[in-house]
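The listed protein sequences derive, respectively, from chains E and D. The numbering of the first sequence is the UniProt record's numbering, which starts it at 1 and goes up by one. The numbering of the second sequence is the UniProt record's numbering, which starts it at 1 and goes up by one. Glycine included, every Cβ here is placed at the ideal spot set by N, Cα and C. The structure displayed is predicted, hence computed values, not measured ones. Data first, discussion second: the structure below is written as structure tokens.
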Amino acid sequence: MVFNPKTACHLCHSRKAVMKRPKTLQKLCKECFYNVFETEIHNTIISANLFHKGERVAIGASGGKDSTVLAHILKTLNERYNYGLELVLLSIDEGIVGYRDDSLATVKRNKEQYQMPLEIVSYKELYSWSMDEIVACAGIRSSCTYCGVLRRQALDRGAAKLGIAHVVTGHNADDMAETVLMNLLRGDVNRLESSTNIITQSSGSPIKRSKPFKYTYEKEIVLYAHYKKLDYFSTECTYAPEAFRGTARTLLKSLEAIKPSCIIDIIQSGENFKLKPKKQRKNVVKKNNAQEIEVRADGSVSLTKDGNKCENCGYLSTNKICKACILLKGLESSRAKVAIEGGNVAIDGAAQMTKKLETLSF
Amino acid sequence: MPSLSSFGSPSLLKTESSSEKTKHVDHQRGISVRFIIKTLQEVFQRTLTDRGGLDAIFGHVREHTVQVEEGSNFRELTQHIIEQLLKDHKDVDVFIEDGSIRPGILVLINDTDWELEGEDEYELQDKDLITFTSTLHGG
Chain E
1 MVFNPKTACH LCHSRKAVMK RPKTLQKLCK ECFYNVFETE IHNTIISANL FHKGERVAIG
61 ASGGKDSTVL AHILKTLNER YNYGLELVLL SIDEGIVGYR DDSLATVKRN KEQYQMPLEI
121 VSYKELYSWS MDEIVACAGI RSSCTYCGVL RRQALDRGAA KLGIAHVVTG HNADDMAETV
181 LMNLLRGDVN RLESSTNIIT QSSGSPIKRS KPFKYTYEKE IVLYAHYKKL DYFSTECTYA
241 PEAFRGTART LLKSLEAIKP SCIIDIIQSG ENFKLKPKKQ RKNVVKKNNA QEIEVRADGS
301 VSLTKDGNKC ENCGYLSTNK ICKACILLKG LESSRAKVAI EGGNVAIDGA AQMTKKLETL
361 SF
Chain D
1 MPSLSSFGSP SLLKTESSSE KTKHVDHQRG ISVRFIIKTL QEVFQRTLTD RGGLDAIFGH
61 VREHTVQVEE GSNFRELTQH IIEQLLKDHK DVDVFIEDGS IRPGILVLIN DTDWELEGED
121 EYELQDKDLI TFTSTLHGG
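What follows is the structure in structure tokens.
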């Protein structure tokens, strides 16, 4: 091939560039891209002190591109830089026929490809509700709300079952910028302040979560998976995505098209956003009253001390009853209704049907 | 939504896709370009809710081979795709924004980022392979 300085990689100046980095606008060849991509994640891990030697770490694996690349990268870096980590794949089976069963098959292949143990925790066994049943009962609109709350708890419980205190997730820079944007648009300042933390931990919870891809662009993750021919599942959840998040995502992508660095800029803004200390409310602090109880507008009861347990399921919660239990309780009452109305709802069907329709042809 | 008539004449372009029974290929003048749609779930979902998703070739056939005029550029291919493969023009804005591929859909031309190839101005070559990957949802 004739050497052409116009198409040459900006780093090695020899091979042909195949991609343009959104963060720096550098044009890189495959080899230099792999190198830069992996090294940046290594630097993030080291500077945030994410791991310690001998730590057991669970990778929240959905079979999608982010978590597949995460598993691949952590395995690579663990060997290259001798982190001394013991890596385990942890998957949640939400019970969405035609979607999750296919993506779990991918995770099972990843288990073999990366030689990592795999643990699957299902909604059905934890809560006795699958997502298909929840959607049949509560409707498709609120599916993300339920799924989000239940998944958070399911990951913690899965990790606890494995005796692991650290879960890493594949959240990338785009996801984080999107969350900052959403909190900003909603005026949710409390969450805005904490939304860019690389490590999060509920008070009193023994399990911490971290995001090694905090500064990694989605475009680069997709390209990495594509060039490395990683085995990932590329179909999305069959249920409707949260409407507002979709809007924030579209906005973010349009901004990125104009100025690719904006994603990292939004994260930086979020990181430097500090709330001024809250004013102490006056009549709240009474010395003799050890058990301060506040009843919130939504009917949930808060306890002042962190690290309390849900009275219903025993899971850590700042409220008397944890959020998952509140949601499930609401569902139980409508399941009863469905049963009375005698509707034999096509529970396992909603997503499966979609799948079937996809493959139909004339 | 961009007006479809702003693109070149569609009658010069012919499509061959695996779901079509009659294939028309003009081998004398055309060059063949293959493209793969990796994740465009939005198209699936929309066609399913609106029309039962039965006649949208887009959603069900992920790989297509298209015959285009020699010297056609990427914009003309895009136009051909929305003219021929998206039968319902309501779906156009899932794929196109302001006359170009919508932000958030990653385009690779022969495995190279299309940003390095001149994007819409890229002149198509025979046997080119184009990949579209949506990053708008999911992980």
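- At least one beta carbon of chain D lies nearer than 9 Å to the beta carbon of E:Asp174.
- Sequence-distant partners of E:Lys309 (beyond 5 residues in either direction) whose C-beta falls short of 8 Å from its own C-beta, in its chain, are Tyr315, Leu316, Ser317.
- Within the stretch 10–64 of chain E, complete alpha helix (DSSP H) segments of at least 4 residues are found at 30–47, given in chain order.
- Comparing C-alpha distances from E:Ala225 to each of E:Lys6, E:Gln26, E:Ser67 shows the shortest one belongs to E:Ser67.
- At a C-beta separation below 9 Å, E:Glu178 has no neighbours in chain D, since its nearest C-beta there lies roughly 11 Å away.
- For the C-beta of E:Val18, the chain D residues within less than 8 Å are, from N- to C-terminus, Asp111, Thr112, Asp113, Leu116.
- For D:Arg102, the three-state secondary structure derived from DSSP is coil.
- Within 7 Å of the CB of E:Ala257, the CB atoms of chain D belong to Pro103, in sequence order along the chain.
- Nearest C-alpha to E:Met116 among E:Gly158, E:Val57, E:Tyr127, E:Ser202: E:Val57.
- For the stretch 206–233 of chain E, the set of positions with a beta-carbon nearer than 8 Å to some beta-carbon of chain D reads Glu218, Lys219, Val222, Leu223, His226, Tyr227 in chain order.
- Excluding five sequence positions before and after E:Leu255, the CB atoms of its chain that fall closer than 6 Å to its own CB belong to Cys262, given in chain order.
- E:Ala173 is positioned such that its CB atom lies closer than 9 Å to that of E:Phe213.
- Not one beta carbon of chain E lies nearer than 9 Å to the beta carbon of D:Thr78.
- Non-local C-beta neighbours of E:Ala159 in its own chain, meaning closer than 6 Å and more than five positions away in sequence, comprise Ala58, Val167, Ile207, ordered along the chain.
- Around the C-beta of D:Asp111, fewer than 16 other C-beta atoms lie within 10 Å, and the residue is accordingly described as exposed.
- For E:Thr179, the enclosing alpha helix (DSSP H) has its first and last residue at 173–186.
- Put simply, the backbone Cα of E:Asp132 is about 11 Å away from that of E:Arg100.
- Straight-line spacing of the CA atoms in D:Val66 and E:Leu87 works out to 45 Å.
- For E:Asn197 and E:Phe273, the gap between their C-alpha atoms comes out near 11 Å.
- At the C-beta level, E:Leu331 and E:Ile134 come within 9 Å of one another.
- Within the stretch 244–274 of chain E, the residues whose Cβ lies closer than 8 Å to some Cβ of chain D are Gly246, Arg249, Thr250, Lys253, Ser254, Glu256, Ala257, listed in chain order.
- Chain-ordered listing is empty here: chain D has no CB closer than 7 Å to the CB of E:Lys23, the nearest sitting near 13 Å.
- The continuous alpha helix (DSSP H) containing D:Glu76 extends over residues 74–80.
- Taking a contact to require three or more Cβ pairs closer than 8 Å, the stretch 183–202 of chain E and the stretch 141–151 of chain E do not qualify as touching.
- Under the DSSP assignment, D:Asp120 falls outside any alpha helix (DSSP H); it carries neither an H nor an E label.
- Less than 9 Å divides the Cβ of E:Gly60 from the Cβ of E:Thr169.
- Residues of chain E whose Cβ lies closer than 9 Å to the Cβ of D:Thr65 do not exist; the shortest such Cβ separation is about 17 Å.
- Nearest Cα to E:Cys322 within the set E:Lys108, E:Val149, E:Leu162: E:Val149.
- When 8 Å is used as the limit between beta carbons, D:Leu106 is near these residues of chain E: Lys219, Val222, Leu223, in chain order.
- E:Arg249 sits in a helix when the DSSP states are folded into three classes.
- D:Glu97 belongs to the set of residues whose beta carbon lies under 9 Å from a beta carbon in chain E.
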